[in-house]
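As they're listed, the protein sequences go chains A and B.
Just so we're aligned: the first sequence equals residues 68 to 225 in the numbering used here.
Just so we're aligned: the second sequence equals residues 1190 to 1370 in the numbering used here.
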Amino acid sequence: MRGALLALLLLLLGGCGAGGVRPLPGLNQQLAKLNNGKSPAIAGPWLAFLASRSAGRLQVQLIDLDRSAPVPLPGLNRPDAQPISVAVDQSGEQLAVVRQREDRTELVLYRRLLQSSQPIPMDPAGVPRSVSFSANGRVLAVEVSRGGLWQIDLLELP
Amino acid sequence: MWRPLLSAGLLISVSGCSLIGGLRRQAASPIGLGSENREAPALSGDGRLLASLVERAGRTTVILQERRSGTVLPLRHLRGHQPHQSPSLSWNGRYLALVIQQGQRRQAVIEDRASGQLHPLFLPAGMEPQGLALAPNAQRIAVLVSRNGSSQVQVFDLSGLLEADRAPGQKETGGGAQAPS
């Protein structure tokens, strides 16, 4: 009953919504070649997500949507680390990544210009799981397991 | 130059702030008394609003709050269609995109908080939404879909569906797939 009501509501309120969502065929064909997609984030012309090529490991992928082209991330995708979540700011300069490395889970802030990752410790101690960036690049929201609960830490960047 | 320390609001408690590694920290606890799980944070593009998932009567439910004050903002269409999943906000928080339950199916929708409309996103046949990310200007959306047993990220243009939600002062660039978002 609720499903039927929602369907009616969607039709009434959505109007011609079905026609308003347009796939981007060229880009999506490229994206479909990647496997095990996860954790999409989009800001400005930047699409960040996790995926693997062929049967490889999950890697952070950054796509310039205006050019439908991948952007290299030197030093970010390490063979000893498995990314879990990624977020990007509108400039495409900063990526926040939660990753597993050496039996621990860490949050790092990667700066493309510097090609380097800076760990961000959880305080109080906790295990991060996912991260969200405000598009203006000023605030991170981090989902953290702490004391048996999932909590959200908010971090203002300088 | 630090922004003012996040204030302790009426509905959001600040359990501790510290300055480590050049970061200003705040632990955002859920509304109400006591501790509870709070997951899947999503910030508006300007960082003013925070959407997250909490348990309400055993059902995973999205809440929208002002980040600094903790004030809970109303949502019109989503009650009764839990579990909610994967909230995502536009630049000023006008649009909240998420995945809801519609009968036996998962449905990607966008609530327009300015107009009160709920926009369903009808994906190509065979695609089931698992998660999503709305571009800050609301002119594109990245959807994590399951198709043929695999999960893929696909991007859709929303310029024919939604007005842009741009940062103040940001110029209109014509919208569409090629527009900066």
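The beta-carbon is built from N, C-alpha and C at its ideal position, and this holds for glycine as well.
It should be emphasised that the depicted structure is a prediction, and the values quoted were computed from it without experimental measurement.
Distance cut-off 8 Å: residue i Cβ against heavy atoms of the ligand MG
i: Gln-161 (chain A); result: Annotation note on the ligand MG: not contained in the displayed structure, which lists no ligands.
Residues that residue i contacts on chain B, provided the C-beta gap is smaller than 7 Å
i: Ile-219 (chain A); result: Ala-1217, Arg-1227, Pro-1230, Ser-1241
i: Ala-202 (chain A); result: Gly-1234, Trp-1280, Pro-1325
i: Asp-131 (chain A); result: Ordered by position in chain B, no residue passes the 7 Å Cβ test against Asp-131 (chain A), which lies about 11 Å from the chain.
Within chain B, partners of residue i - CB distance below 8 Å
i: Asn-103 (chain A); result: Ser-1339, Ser-1340
i: Arg-166 (chain A); result: Going along chain B, no residue has its Cβ under 8 Å from Arg-166 (chain A), so there is no contact; the nearest lies around 17 Å.
Beta carbon of residue i nearer than 9 Å to that of residue j
i: Ala-1286 (chain B); j: Pro-1272 (chain B); result: no
i: Phe-1345 (chain B); j: Val-88 (chain A); result: yes
i: Pro-229 (chain A); j: Val-138 (chain A); result: Nothing can be reported for residue 229 (chain A), as the shown portion of chain A is limited to 68 through 225.
i: Phe-116 (chain A); j: Gln-161 (chain A); result: no
i: Ser-135 (chain A); j: Leu-101 (chain A); result: no
i: Gly-215 (chain A); j: Gly-159 (chain A); result: no
i: Leu-1351 (chain B); j: Tyr-1284 (chain B); result: yes
i: Ala-1297 (chain B); j: Leu-1262 (chain B); result: no
i: Val-153 (chain A); j: Ser-184 (chain A); result: no
i: Arg-1329 (chain B); j: Glu-1317 (chain B); result: no
Residue i versus the options, residue with shortest Cα-Cα distance
i: Asn-1326 (chain B); options: B:Pro-1309, B:Pro-1357, B:Pro-1230; result: B:Pro-1357
i: Asp-156 (chain A); options: A:Thr-172, A:Ala-192, A:Val-198; result: A:Val-198
i: Asp-147 (chain A); options: A:Gln-126, A:Asp-133, A:Asn-95, A:Ile-219; result: A:Gln-126
i: Gln-1343 (chain B); options: A:Val-153, A:Leu-132, A:Arg-124, A:Asn-203; result: A:Leu-132
i: Gln-1341 (chain B); options: A:Leu-94, A:Gln-96, A:Asn-103; result: A:Asn-103
Partner residues on chain B for residue i, Cβ-Cβ distance less than 9 Å
i: Glu-169 (chain A); result: Here the premise fails: no neighbours, minimum Cβ distance about 20 Å.
i: Glu-210 (chain A); result: Arg-1227, Glu-1228, Ala-1229, Pro-1230, Ser-1241
i: Gly-159 (chain A); result: None at all; the shortest Cβ gap to chain B is about 11 Å.
Identity of the residues DSSP links to residue i by a beta bridge
i: Pro-58 (chain A); result: Not covered by the structure: residue 58 (chain A). The range shown for chain A is 68 to 225.
i: Lys-105 (chain A); result: A:Leu-117
i: Ser-152 (chain A); result: A:Val-165
i: Ser-1339 (chain B); result: B:Arg-1336
i: Trp-217 (chain A); result: A:Ser-212
i: Val-198 (chain A); result: A:Val-209
i: Asp-1301 (chain B); result: B:Tyr-1284
Reduced DSSP category for residue i - H, G, I as helix; E, B as strand; rest coil
i: Leu-94 (chain A); result: helix
i: Ala-1327 (chain B); result: coil
i: Gly-1358 (chain B); result: coil
i: Gly-1320 (chain B); result: strand
i: Ala-99 (chain A); result: helix
i: Ala-1286 (chain B); result: strand
Test: residue i CB closer than 9 Å to a CB of chain D
i: Leu-114 (chain A); result: No chain D is present in this structure, whose protein chains are A and B.
Where residue i meets chain A, residues with beta-carbon distance less than 9 Å
i: Val-1344 (chain B); result: Pro-90, Leu-91, Leu-94, Asn-95, Leu-98, Pro-107, Ile-109, Leu-114, Ile-130, Leu-132
i: Leu-1358 (chain B); result: In the sequence as presented, Leu is not what sits at residue 1358 (chain B); that position holds Gly. By Cβ distance, chain A contributes nothing, its closest Cβ being about 12 Å from Gly-1358 (chain B), past 9 Å.
i: Gly-1320 (chain B); result: Lys-105, Ser-106, Pro-107
Proximal residues of chain A, C-beta to C-beta of residue i below 7 Å
i: Ser-1224 (chain B); result: Leu-216
i: Pro-1313 (chain B); result: Pro-90
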